[in-house]
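Asker: Residue numbers for the sequence shown follow the numbering used here, beginning at -6 and rising by one. Beta carbons: idealized from backbone N, C-alpha and C, even for Gly. What you are looking at is a predicted structure, and each value in this text was computed from that prediction instead of being measured. Mind looking over this structure? Questions follow.
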Amino acid sequence: MKSKVWLWIVIAIVVIGAGVLIWTGQKPAKEAGVVETASFNPNIFVYVGAGDAETLDPSKAYDTASSEIIFQYYDNLLAYKEGSLSEFQPMLATEVPSVENGLISADGKTYTFPIRKGVKFHNGAEMTPADVEYTFERNIFADPVGGPMWMLIEPIFGKASIEDLACEIAGIDSFDKVDAAGLLKTAKRVMDAIKVDGDNVVINLVKPYPPFLAILARNSSWTAIINKQWMIDNGAWDGKAETWTKWHNLQTEEQVLFETAMGTGPYKQVEWDRSNSRHTLEAHADYWQGPAAIKTVIVNNGVTEFNTRKLMLQRGEADAIYVPVENSPQIEGTEGVELIRNLPRLNNVCAIFNQEINAIDNEFVGSGKLDGNGIPADFFSDVNIRRAFSYAFDYDSFIEEVVLGEASIPYGVIPVGLSDFFDTKGFQYSYDLKKAEEHFKKAFNGEVWEKGFKVTLVWNIPNTTRKTACEILEAGIEKINPKFQVEVQGMEWATMLPRRREGRLPMVFIGWLADYADPHNFVYPYLHSKGDFMSFTGDKGRAFAAAEFDTLVNAGINETDPEKRVEIYTELQKKSADLAPHLILYDAYDRRAHRDWVKGFVFDPICPAQYDFYALSKSLK
């Protein structure tokens, strides 16, 4: 899913009988050093973090903050087996398809999913195979730009987007020119690929696709099953082939599921108080696996100060909080608190270089020229600029002093957690200001070195780890030439995302958490011209990606021989380092901090949620 680091917050709450009292602030300690403890209640869980969801629509959500809420409301056909990144267990499907059980065809292109009976949506309606079919079709038709639906469209249709599919069917190069007949043919192509067959749903792929089951597993919001009739009743796609474009690529707040959830998951929505960034969840009494042990969950995304979150955890007002890695020592050894560190997450953090900035009325480009007071729109299209920035970051100091060793220096866009897929003896950037200077002097035929520049680095509030990364890069660059100016600016997540989509940010510091455990899930969004990160680098960036990476990325996912895949991904690592389309800062690890009364926590290296609330319980024993 995904971009991927977020933070949280909360309010203190006390449950009295069946009622819930929400405190809008914290009760101060009676004297310095004294920590008051809230009453223990096993029926309510309070998670404190920061960085709220952008949307609750599974077809649109492609950020971690959104996905970790969606995760609680919805179920998928499958889930990963606990402790495995390659084995699956059934959920809303009753069996995991395989060639051996006859649910995957011998040619690897047809998947049959027997659909579980007796599953209830949160409104009481019973789930049917028609809901599953509708989910896949509706989400594919919605296919928002920069969204997650490429992960279904690529294996099923061999294209990066529904618009690309429509253009191919119509035989033209622009979606805007596809006529009504072409749009109808596109709809029928989609609806022919996904069919109800009795109690089964059958999905036909255009080609064998090794990670297809992983794409459908529970960590993926984009295949979370939704209620067809409820959707239609509330103004979503009506299920007709001729109408789909009315619901294609809608703005975030125009979507039916923008702020309302209707799934089969273990928790149902009570409220999303957007003004206070607070989600209230209630256990689904008719959940098919049995109701959750914890009846009420509060997730509040408004407290940005770590010290506030820490105090609430100490007092027992919060059951769990988000802890930035630099704050881990402040939690370690706290009475009544369990801190788990160095969790092996499939995640890395990068700075996206926008090779063609949308400079219209854009304060982030300054003068818009190489005159020392700004940058031109194509500043990062010069490979020497990108290499210079990559040499200007002090990787070792950052890892040792900021993330306290909870990270590693990257080899390229594929994280070291997937090292079985590439040669780990390849090139790695290092902090080398002399080499950075050499590349700056080559950039734009020497004009950058002569005239200087002013650039803005953006990080998402309150992710102070990324703030520090920006400041370290700022310090490195400004040491090289006094004419180089770097500004560091924090921005709320919900504000940053649309600016990124519009191509207005010169650089964005952002993370990517694996959607599924395969290198394609990193090389495609990072390197392919249709990928999520490259889609926001302007026409120049996309053209660059198409020329340098698309062929290799496509070869990797089409290859079924494991040894040949290793060769391909090793080459992609090498090229991604050499050409530096992004500055890959570090491969990240993770941590969790919660009260010792929290039971049942199991870490999932690709699950978007900080906690699977359904798996948890609370006990003083």
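1. On the premise that G367 lies in contact with S374, defined as a C-beta separation below 8 Å, what is that separation, rounded to the nearest angstrom?
2. Pick from P598, M142, I353 and L176: whose alpha carbon is nearest that of R492?
3. Have a look at L545, K567, N227 and F134 and flag the residue whose alpha-carbon is nearest the alpha-carbon of F420.
4. Is the distance from the Cβ of I407 to the Cβ of F415 below 8 Å?
5. Count the CB pairs spanning the segment 234 to 245 and the segment 71 to 85 that are closer than 8 Å, and state whether there are at least three.
6. Quick check: Q65 and G258, are their CB atoms within less than 8 Å of each other?
7. Find out if the Cβ-Cβ distance for the pair A581, R338 is shorter than 8 Å.
8. Would you tell me roughly how many angstroms separate the C-alpha atoms of G549 and P201, rounded to the nearest one?
9. Considering only the alpha carbon of each residue, which of H587, D554, G531 and Y40 lies closest to R271?
10. Quick one, which of N474, N514 and T449 has its alpha-carbon nearest E440's?
11. By Cβ distance, which residues of its chain are closer than 6 Å to D597, with the 5 residues on each side in sequence left out?
12. Kindly indicate which three-state DSSP category I219 falls into: helix, strand or coil?
13. Are there three or more Cβ pairs, one per stretch, closer than 8 Å when the segment 183 to 200 is compared with the segment 96 to 108?
14. DSSP on L274, reduced to helix/strand/coil?
15. Among residues of its own chain, excluding the 5 on either side of V396, which ones have a beta-carbon nearer than 6 Å to its beta-carbon?
16. Alpha carbon to alpha carbon, how far is G405 from L572?
17. Within the continuous beta strand (DSSP E) that includes L578, where are the two ends?
18. Evaluate G191 with the Cβ neighbour count: other Cβ atoms within 10 Å of its Cβ, from every protein chain shown; 16 or more gives buried, anything less gives exposed.
19. So what does Q482 bridge to, in DSSP terms?
20. Since V504 and N340 should fall inside the 8 Å C-beta cutoff, what is the C-beta to C-beta distance between them, to a whole number of angstroms?
21. What residues match up with F81 in a beta bridge as DSSP calls it?
22. Around the Cβ of A540, are there at least 16 other Cβ atoms within 10 angstroms (buried) or fewer (exposed)?
23. At what residues does the alpha helix (DSSP H) containing I146 begin and finish?
24. Where do the N-terminal and C-terminal ends of the beta strand (DSSP E) with D266 fall, by residue?
25. Whole angstroms is fine: what's the gap from P51's alpha carbon to K427's?
26. Kindly indicate which three-state DSSP category R616 falls into: helix, strand or coil?
27. In angstroms, rounded to a whole number, what distance separates the CA positions of P148 and D136?
28. May I ask you to report which of helix, strand or coil DSSP gives D543?
29. With H, G and I counted as helix, E and B as strand and the rest as coil, what does DSSP make of F420?
30. May I have the straight-line CA-CA distance separating K447 from R494, to the nearest angstrom?
31. Can you find the residues in the same chain that come closer than 7 Å, C-beta to C-beta, to K614, ignoring five residues on each side of it along the sequence?
32. Give the straight-line distance between the Cα atoms of I577 and E430, rounded to the nearest whole angstrom.
33. In whole angstroms, give me the CA-to-CA distance for N438 and D543.
34. CB-CB under 8 Å to S390, same chain, minus the five flanking residues each way: which ones, in chain order?
35. Around the Cβ of S412, are there at least 16 other Cβ atoms within 10 angstroms (buried) or fewer (exposed)?
36. Consult DSSP for F64 and reduce its assignment to one of helix, strand or coil.
Answerer: Short version:
1. Here residue 374 corresponds to residue number 381 of the sequence shown, with the count starting at 1. Here residue 367 corresponds to residue number 374 of the sequence shown, with the count starting at 1. At roughly 16 Å, the Cβ-Cβ gap does not stay under 8 Å, so S374 and G367 are not in contact.
2. Residue numbering aside, residue 492 sits at position 499 when the sequence shown is read from its first letter. Nearest of P598, M142, I353 and L176 to R492, Cα basis: I353.
3. For the purposes of this step, residue 420 is identified with residue 427 of the sequence shown, where counting begins at 1. The candidate whose alpha carbon is nearest that of F420 is K567.
4. Here residue 407 is taken as the residue at index 414 of the sequence shown, counted from 1. Here residue 415 is taken as the residue at index 422 of the sequence shown, counted from 1. Cβ atoms of I407 and F415: closer than 8 Å.
5. no
6. Here residue 65 refers to the residue found at position 72 of the sequence shown. Here residue 258 refers to the residue found at position 265 of the sequence shown. For Q65 and G258, yes; Cβs fall inside 8 Å.
7. Locating residue 581 in the sequence shown gives position 588, counting from the first residue. Locating residue 338 in the sequence shown gives position 345, counting from the first residue. Their beta carbons are under 8 Å apart, which means A581 touches R338 by this criterion.
8. Stepping through the sequence shown from its first residue, residue 549 is reached at position 556. Stepping through the sequence shown from its first residue, residue 201 is reached at position 208. The alpha-carbon atoms of G549 and P201 are separated by roughly 13 Å.
9. Numbered from its first residue, the sequence shown carries residue 271 at position 278. If we check each option's Cα against that of R271, Y40 comes out closest.
10. By one-based count along the sequence shown, residue 440 stands at place 447. The residue with the shortest Cα to Cα distance from E440 is N474.
11. Here the question's residue 597 lines up with position 604 in the sequence shown. Excluding residues within five positions, none has a Cβ falling inside 6 Å.
12. Taking the first residue of the sequence shown as position 1, residue 219 is located at position 226. Coil, per DSSP.
13. yes
14. The residue given as residue 274 occupies position 281 in the sequence shown. L274: strand per DSSP, three-state reduction.
15. The residue given as residue 396 occupies position 403 in the sequence shown. Within the same chain, V396 has close Cβ partners V318.
16. The count along the sequence shown starts at 1 and reaches residue 405 at position 412. The count along the sequence shown starts at 1 and reaches residue 572 at position 579. Approximately 10 Å between the Cα atoms of the pair.
17. Position 585 of the sequence shown, counting from 1, holds the residue named residue 578. Counting along the chain, the beta strand (DSSP E) containing L578 begins and ends at H575 to A581.
18. Residue numbering aside, residue 191 sits at position 198 when the sequence shown is read from its first letter. Per the 10 Å Cβ criterion, exposed.
19. Taking the sequence shown and counting its residues from 1, the one referred to as residue 482 is at position 489. Looking at the DSSP assignment, Q482 forms a beta bridge with V451.
20. Here residue 504 is taken as the residue at index 511 of the sequence shown, counted from 1. Here residue 340 is taken as the residue at index 347 of the sequence shown, counted from 1. Reading the sequence as shown, one finds Gly at residue 504 and not Val. Going by Cβ atoms, the distance from G504 to N340 rounds to 6 Å, so yes, they are a contact pair.
21. Taking the sequence shown and counting its residues from 1, the one referred to as residue 81 is at position 88. Y73, per the DSSP bridge assignment.
22. Counting from 1 along the sequence shown, the entry for residue 540 is found at position 547. Exposed: under 16 other Cβ atoms inside 10 Å.
23. To locate residue 146, count along the sequence shown from 1; it is residue 153. Run containing I146: W143 to F150, per the alpha helix (DSSP H) assignment.
24. Position 273 of the sequence shown, counting from 1, holds the residue named residue 266. That run of the beta strand (DSSP E) goes Y260 to D266.
25. As a working mapping, residue 51 is identified with position 58 in the sequence shown. As a working mapping, residue 427 is identified with position 434 in the sequence shown. C-alpha separation (whole angstroms): 47 Å.
26. In the structure displayed, the chain extends from -6 to 614; residue 616 sits before or after that span and is not available.
27. Along the sequence shown, one-based indexing puts residue 148 at 155. Along the sequence shown, one-based indexing puts residue 136 at 143. P148 and D136: Cα-Cα distance of roughly 15 Å.
28. Sequence index remark: in the sequence shown, residue 543 carries index 550 (1-based). The answer is helix: DSSP assigns D543 an H, G or I state.
29. Here residue 420 is taken as the residue at index 427 of the sequence shown, counted from 1. DSSP places F420 in coil when its eight states are reduced to three.
30. Here residue 447 refers to the residue found at position 454 when the sequence shown is read from its first residue. Here residue 494 refers to the residue found at position 501 when the sequence shown is read from its first residue. One C-alpha to the other measures close to 22 Å.
31. Along the sequence shown, read from residue 1 onward, the residue named residue 614 stands at position 621. Excluding sequence neighbours, K614 sits near nothing in its chain.
32. The residue labelled residue 577 in the question sits at position 584 within the sequence shown. The residue labelled residue 430 in the question sits at position 437 within the sequence shown. Their Cα atoms are separated by approximately 19 Å.
33. Within the sequence shown, residue 438 is the residue found at index 445, counting from 1. Within the sequence shown, residue 543 is the residue found at index 550, counting from 1. About 28 Å.
34. Taking the first residue of the sequence shown as 1, we reach residue 390 at position 397. Y424 and I465, listed in sequence order.
35. Your numbering for residue 412 matches position 419 in the sequence shown. Exposed.
36. Taking the sequence shown and counting its residues from 1, the one referred to as residue 64 is at position 71. Three-state result, F64: helix.
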